[in-house]
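124 is the number of the first residue of the sequence shown in our numbering; add one for each residue after it.
Where a beta carbon is used, it is the ideal one built from N, C-alpha and C, also for glycine.
Predicted, not measured: the structure shown is a model, and the values here were computed from it.
First comes the structure, then the notes that go with it.
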Amino acid sequence: MPELTVDNLQLRYGDNPILKGVSLTLNRGEVVSLLGPSGSGKTTLLRAVAGLEVPHQGTIRINDQPVFDGASGIDVPAEGRNLGLVFQSYALWPHKTVFDNVAYALRLRRIATAEIRARVEAVLSQLSLDGLAGRFPHQLSGGQQQRVALGRALVYNPPVILLDEPLSNLDAKLREEARAWLRELIVRMQLSALCVTHDQGEALAISDRILLLNGGRIEQQGTPQQMYSEPETLFAADFMGSNNRLAGRILEMRDGAALLEGDGWRLWGTARPGATAGGEGTGMIRLERIRIADGPGDDRLQAELSTSMYLGDKWEHLFALGNLRLRAHGDRPLAAGRHWLDIPRADFWVF
Ligand SMILES: Nc1ncnc2c1ncn2[C@@H]1O[C@H](COP(=O)(O)OP(=O)(O)O)[C@@H](O)[C@H]1O
Ligand SMILES: [Mg+2]
């Protein structure tokens with residue numbers, strides 16, 4: 124039985140539809156990410172689950188109990204839903220210590236002092252914050268503040284935690300460490316988590332499943348591997364990963380393959396849903412799938428090197444062919460001039 128079930132949720136602000144019929148489930152011990160561009164409705168969906176926004180239609184069930192039902196008028200207030208919330212701005216109380224920030228929710232629930240102490244200490248220890256109980260938020264690093272915010276959500280053992288861009292206030296390096304730490308914690312504590320992020324790398328790294336939102340609808344959902352390797356739409360393909368896009372016309376379709384033609388080039392690719400012979404088509408290939416080849420061959424085209432960037436662990440080369448621009452990775456610098464690029468048809472999707 125899922126911990127959380129959302130069915131056909133619709134929500135608008137005034138006349139403006141924001142969620143247009145979203146359904147999802149979150150199973151026990153699972154991390155599901157809500158991924159999507161800014162404005163796609165991720166925060167609105169999370170807030171609706173939390174009870175902070177009122178949808179006009181649909182149902183939300185927690186542990187098989189309805190907490191919202193548009194048809195029968197059920198709307199359990201946020202505090203009755205018992206969910207752990209972690210917001211983008213950690214919203215710690217600046218004049219309370221770490222201990223008191225974490226203890227606050229338990230005090231509201233009138234739990235005995237000795238038990239509060241035991242539970243807060245256990246959570247601080249889980250979060251490696253043992254020595255910091257007496258500090259105030261301004262005496263903590265960003266990463267430590269983020270963990271206190273998490274501790275505050277975890278201390279009353281909610282069945283589900285909701286995280287809205289929990290790592291976005293951290294700088295890039297700390298963020299990578301924190302996401303590994305967060306994933307490890309969620310798995311170790313067997314938490315069920317719904318996590319909002321606009322960062323596809325973060326969603327791939329921490330999730331068991333990803334729901335990709337586009338304009339208030341679920342564009343596609345699946346495991347991180349499915350989302351990355353088997354995108355069903357151009358939007359999904361483009362949103363996940365770093366890509367080359369090649370606009371053209373589809374000349375021919377044969378056995379699941381499509382021949383795409385642009386200005387001065389022709390390539391076979393794998394036909395994806397929506398591709399039709401005679402129509403406009405868009406080819407898409409991940410940067411890391413293009414190879415720099417040493418001569419002509421099938422699935423290759425020749426392009427002029429425009430510039431190269433050294434990225435530390437690799438090079439990124441920019442090529443031009445007419446008005447087409449292509450980016451590819453390589454392990455060494457390249458001489459100026461024309462080069463052959465290998466575009467394997469299995470990795471070249473045509474939408
Ligand atoms: N309180 C509000 N009143 C009116 N419109 C809102 C409100 N909150 C969000 N929106 C609009 O709803 C859309 C989705 O917002 P949001 O859920 O915050 O997106 P995301 O978290 O994916 O960036 C945006 O177009 C935003 O402008
Ligand atoms: Mg948001």
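N-terminal and C-terminal residue of the beta strand (DSSP E) that residue i is part of
i	result
Ala394	Trp388 to Ala394
Ala380	Ala380 to Gly385
Phe442	Trp438 to Leu444
Tyr433	Arg423 to Tyr433
Contact under 9 Å by Cβ, residue i with residue j
i	j	result
Leu374	Phe474	no
Val221	Leu263	yes
Arg395	Ile466	no
Pro200	Asn224	no
Asp198	Gly164	no
Asn367	Ala451	yes
Ala426	Arg461	yes
Ala383	Gly397	Checking the displayed sequence, the identity of residue 383 turns out to be Leu instead of Ala. Against a cut-off of 9 Å, the Cβ pair of Gly397 and Leu383 comes out as no contact.
Asp187	Thr148	no
Arg170	Val190	no
His440	Leu424	no
Gly404	Ala381	yes
Leu464	Leu369	no
Gly159	Pro178	no
Residue interval of the alpha helix (DSSP H) (run including residue i)
i	result
Gln249	Thr236 to Gln249
Lys165	Lys165 to Ala173
Val310	Ala295 to Arg311
Gly265	Gly265 to Leu277
Val283	Premise fails: Val283 is in no alpha helix (DSSP H) and is neither H nor E.
Alpha-carbon spacing of residue i relative to residue j, whole angstroms
i	j	result
Gln344	Gln323	13 Å
Met124	Arg340	24 Å
Ser195	Leu208	26 Å
Val154	Arg414	34 Å
Ile408	Ala400	20 Å
Leu327	His321	11 Å
Ala301	Arg372	44 Å
Ile141	Gly181	14 Å
Gln348	Phe362	14 Å
Ile234	Val271	20 Å
Arg306	Gly152	11 Å
Leu134	Tyr433	46 Å
Ile471	Gly406	The sequence shown places Phe at residue 471, not Ile. C-alpha separation (whole angstroms): 6 Å.
Nearest-angstrom Cβ-Cβ length linking residue i and residue j, presumed shorter than 8 Å
i	j	result
Ile185	Glu126	7 Å
Ser212	Ser330	Contact doesn't hold; Cβ gap of about 23 Å is too wide.
Leu252	Gly274	7 Å
Mind the definition here: the segment 273-285 touches the segment 311-320 only if three or more C-beta pairs lie below 8 Å; say whether that holds. yes
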